[in-house]
DNA sequence: TATCCGATCACCT
DNA sequence: GGTGATCGGATAT
């Protein structure tokens with residue numbers, strides 16, 4: 045399946061892109077560690093006139109990647125611990141993006157498990173004895189079924205990948221690889237502002253989404 | 001420079 | 001369904 049071209053990101057508005065990205069495959073080809081990938085099964089859109097959007101007020105050093113061209117990555121740190129990954133959308137100079145919330149793992153599951161387990165060891169002290177076994181159904185389901193987990197599983201970090209281009213960098217999107225699925229639209233997860241907006245989309249019946 | 005608070009995760013009840 | 005871990009970045013003073 046070919047890498048999505050630049051005009052795929054440029055030619056659709058942010059809400060449409062959030063829906064079109066469902067069923068596409070997010071891929072990290074790491075020269076050092078190997079390739080990991082998963083099908084995007086859950087997204088959220090963040091628009092410029094939306095109080096939940098990081099760019100709602102104005103451009104700042106933290107959110108400046110959101111104002112770049114469509115097809116750029118915006119990686120930010122949440123609760124000063126986890127990274128979350130966004131696909132920048134909309135015209136250059138307009139801070140809009142699509143948050144990737146969950147992946148169905150397709151490639152490099154063993155490496156994903158190694159990264160998750162390494163993160164447990166170096167993360168919160170209370171979770172240091174946790175382990176995840178990607179060869180079990182439950183372990184596989186838990187590899188990347190949340191925005192903080194999927195960046196660990198794919199080895200995505202703010203320092204390395206914020207501002208990265210999806211068309212020329214190590215991280216790209218292929219697709220779509222999933223066809224003929226039903227989509228569900230709901231409100232977004234974990235927000236205090238803009239909580240009523242129906243900007244969350246997921247693949248109906250998929251067991252890898254972050255919440256029911 | 002001081003205060004406020006979060007686009008999460010995993011454990012607990 | 002509730003909650004702690006844990007601190008950088010945005011905003012106010």
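Numbering (our numbering), first residue to last: 45 to 256.
Glycine included, every Cβ here is placed at the ideal spot set by N, Cα and C.
Fair warning: this is a prediction, and the values are worked out from it, not measured in the lab.
Straight-line gap, residue 50 to residue 114 (C-alpha atoms, nearest Å): Each residue's Cα considered, the two are about 8 angstroms apart.
Neighbourhood of residue 85 by C-beta distance below 7 angstroms, restricted to the same chain and skipping five residues each side: If we look at residue 85 and ignore the five residues flanking it on each side, its Cβ neighbours are 66, 146, 147, 148, 246, 247, 250, 252 and 253.
Cα-Cα separation, residue 79 to residue 190: Distance between residue 79 and residue 190, taken at the CA atoms: about 20 angstroms.
Whole beta strand (DSSP E) elements within the stretch 152 to 209, 3-residue minimum: Taking only runs of at least 3 residues, no beta strand (DSSP E) segment lies wholly in the stretch 152 to 209.
Selection from 220, 138 and 235 that minimises the alpha carbon distance to residue 63: Restricting attention to 220, 138 and 235, the CA atom closest to the CA of residue 63 is found in 220.
Cβ-based burial, residue 179 [other Cβ within 10 Å; buried from 16]: It counts as exposed.
When 167, 162 and 135 are compared against residue 55, the one with the closest alpha-carbon: For residue 55, the closest C-alpha among the options 167, 162 and 135 is that of 135.
Residues near residue 57 in its chain [Cβ-Cβ closer than 8 angstroms; skip 5 each side]: For residue 57, where only same-chain residues beyond five positions count, the Cβ hits under 8 angstroms are 133 and 134.
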